[in-house]
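Student: After the structure tokens below, expect a handful of questions from me.
Numbering (the working numbering), first residue to last: 1 to 213.
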């Protein structure tokens, strides 16, 4: 599956999950952070299993060296696998997902949002995986450091300069306004893909449209 096909599949899966928990755009945009995390991880979990990969939440028990969710092979080897599998084939990662949870929360300081997003991007840069996904929140206004325009520029510069080996999918909910969210009809899902370090133009889709898909 290409990175662009993955984006298309994510939008469909995410839309299906959102339709299970909300019917109106205002309900979607005001979902609690844990519901958004559940929606994204659930969508990627389904896509990974459909692709024939093992799926695991590696953050559990690994601390800060883990990730939110991964696809791969030989992720939980037993003694038999350890004795018969080449070391280079253990913990083969296909996709690594990070979700900057606090950045999705209205009222989070712009500086804190930028710091968390950068930290999660650093984990992705460190990972040896073909596909890397970062989900984060952003402000709709252009002024804060955590605006989608500022974050796009910063993240794009780092990825293009530091990682020409992997494909990236950036997924943002740029629907924050100070301590609240935008109106449901104005809320969007923003995505941007990178193919071997080369950025493609971003794409937006209304959350209202995802509810109708």
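Don't be surprised by glycine CBs; every beta carbon is placed ideally from N, CA and C.
If I'm right that residue 197 touches residue 153 with Cβ under 8 Å, what's the distance once you round it to whole angstroms?
Tutor: No, residue 197 and residue 153 are not in contact; Cβ-Cβ is about 16 Å, not under 8 Å.
Student: On the DSSP bridge list, what partners appear for residue 36?
Tutor: Per DSSP, none; premise fails for residue 36.
Student: Are there three or more Cβ pairs, one per stretch, closer than 8 Å when the region 164-176 is compared with the region 186-202?
Tutor: yes
Student: Please classify residue 194: does DSSP put it in a helix, a strand, or coil?
Tutor: strand
Student: Please go through the region 68-104 and give each complete alpha helix (DSSP H) segment of 4 or more residues, from N-terminal end onward.
Tutor: 79-84
Student: Straight-line CA distance for residue 142 to residue 176?
Tutor: 11 Å
Student: In angstroms with no decimal places, state the Cα-to-Cα distance between residue 151 and residue 41.
Tutor: 22 Å
Student: In angstroms with no decimal places, state the Cα-to-Cα distance between residue 202 and residue 48.
Tutor: 24 Å
Student: What do you get for residue 116, buried or exposed, if any count of 16 or more other CB atoms within 10 angstroms of its CB means buried?
Tutor: Result: buried.
Student: Just to confirm before moving on: does the CB-CB distance between residue 132 and residue 188 stay below 8 Å?
Tutor: no
Student: Considering only residues of the region 144-202, which uninterrupted alpha helix (DSSP H) runs meet the minimum length of 4 residues and lie entirely inside it, listed in chain order?
Tutor: 148-162
Student: How is the beta strand (DSSP E) around residue 137 delimited, first residue to last?
Tutor: 129-139
Student: To which residues of the same chain is residue 72 closer than 7 Å at the C-beta, ignoring the five residues directly before and after it?
Tutor: 53, 54, 91, 92, 93 and 94
Student: Would you decide whether residue 185 is buried or exposed? Buried here means 16 or more other CB atoms lie within 10 Å of its CB.
Tutor: Exposed.
Student: Out of 120, 178, 179 and 145, which has the shortest C-alpha to C-alpha gap to residue 159?
Tutor: 120
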